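J.:
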Amino acid sequence: MKINIMLRTSFLAALFLTSVSHPSFASEDRLVLTGSSTVAPLAMEIGKRFEKENMNVRVDVQTGGSSRGVNDAQRGLADIGMVSRALKPSEQGLTPYPIAMDGISIILHKNNPVQSLSDQQIIAIYRGEIHNWQDVGGPDQAITVVNKAEGHSTLELFLHYFHLKNSQIKAQVVIGDNQQGIKMVAGNTGAIGYVSIGTAEYEEEHGTPIKRLPMSGTPATTASVRDGIFPLSRPLNLVVKGKPSALVKKFIDFAQSVAVKDLVEGQFFVALKP
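All letters in the sequence shown, in the order written, are residues -10 to 263 by the numbering used here.
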């Protein structure tokens, strides 16, 4: 069963503190996960289920972006980092363990008649070289560019795919999580943004006035991500420095198992193929 989207949003607000909160017991074991705000709601739900099967274990989930997940794992400040992208060559000493897949979709307001944009048009819009929708086949209306804040892997993947630097982006609005981006585009017929495909797919199917644009002719759907054909996709990883402890390995094995497939899909992500 899919988690209500409003409940998921409330999770995100709470995740800046400790997402799984239970009374502390002196005899318990404890796992600390920090990092990606995209992965955190899923990790929180996995953590709750893991705690039910391991009554003496407490799982604490904290956000702060994928960069924090990498840094905390490297410095020993977290048992597990949450990273919603592939690791960079410079991020040595960490091992990624994928728990799901996700894609990133360009979104417009539902009433915007533009049906597709080329990569070159998207680059020109985000560089501030195209200012009006009529220049790409739309109405005579100013474009509102919505960008992600630094530290979010969604931004890093977007920049990497389009060969851009964040300093080149000319954005009118900077947002954090997916829900902020969707709310901004849904409330502005001239806006363009990019968010998680699964979240956008769910919102669109439930009446939120947004639409997903295809990438290189491929529909922006979770099915495309699952089939490995959507170009702007990413793994959702748990990362660990060195050899994982017995408890960390047990949690990762659980997070990669079919026992949490419903939780992955409930967060609008794509479950890993067996």
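Glycine residues also receive a C-beta, built at the ideal position from the N, C-alpha and C atoms.
Note that the structure is predicted; figures quoted are calculated from it, not measured.
1) Using a Cβ-Cβ cut-off of 6 Å (strictly less than) and excluding sequence neighbours within five positions of Ile158, which residues of its own chain qualify?
2) What is the residue span of the alpha helix (DSSP H) that Leu225 lies within?
3) Quick check for students: name the residue ranges of the beta strand (DSSP E) that lie wholly in the stretch 113 to 160, counting only runs of 3 or more.
4) May I ask you to report which of helix, strand or coil DSSP gives Pro30?
5) Checking 9 Å against the spacing of the C-beta atoms, do Leu236 and Asp18 come in under that value?
6) If you draw a straight line from the C-alpha of Ala175 to the C-alpha of Ile35, how long is it?
7) Comparing alpha-carbon positions, which option in Ile95, Pro87, Asn101 lies nearest Ser246?
8) Please list, in chain order, all residues of the same chain as Gln63 whose beta carbon is under 7 Å from its beta carbon, the five residues on each side excluded.
9) What does the Cβ neighbour count give for Glu190, buried or exposed, with the cut at 16 atoms within 10 Å?
10) Excluding the 5 residues flanking His120 on each side, which residues of the same chain have their C-beta closer than 7 Å to its C-beta?
11) What residue from Gly65, Ile69, Met90 has the CA that sits closest to Thr211's CA?
12) Can you tell me the Cα-Cα spacing of Lys232 and Ile96, whole angstroms?
13) Three-state secondary structure (DSSP) at Gly170?
14) Tell me which residue opens and which closes the beta strand (DSSP E) that Gly24 is part of.
15) DSSP on Arg201, reduced to helix/strand/coil?
16) Just the C-alpha distance for Phe243 and Asn100, rounded to the nearest angstrom, thanks.
17) Three Cβ pairs or more, each shorter than 8 Å: is that satisfied between the stretch 199 to 210 and the stretch 122 to 131?
18) Can Gly54 and His141 be called in contact, C-beta distance under 9 Å?
19) Out of curiosity, what's the CA-to-CA distance linking Val162 and Glu254?
20) Taking the C-alpha atoms as reference points, what is the distance between Pro198 and Thr178?
21) Who pairs with Met71 in a beta bridge, going by DSSP?
22) What are the partner residues of Asp91, as DSSP defines its beta bridges?
T.: According to the structure data:
1) Tyr115, Asn136
2) Counting along the chain, Leu225 falls outside any alpha helix (DSSP H), though it belongs to the beta strand (DSSP E) covering 222 to 230.
3) 133 to 137
4) helix
5) Taking 9 Å as the cut-off, the Cβ atoms of Leu236 and Asp18 count as close.
6) Each residue's alpha carbon lies about 30 Å from the other.
7) Pro87
8) Gly82, Leu83, Lys230
9) buried
10) Cβ neighbours of His120 within its own chain (closer than 7 Å, five residues either side excluded): Ala131, Ile132.
11) Met90
12) Lys232 and Ile96 have their C-alpha atoms roughly 40 Å apart.
13) helix
14) 18 to 24 is the span of the beta strand (DSSP E), which, as asked, contains Gly24.
15) strand
16) 43 Å
17) no
18) yes
19) 30 Å
20) 9 Å
21) Met71 is bridged to Gly24, Leu227.
22) Arg223
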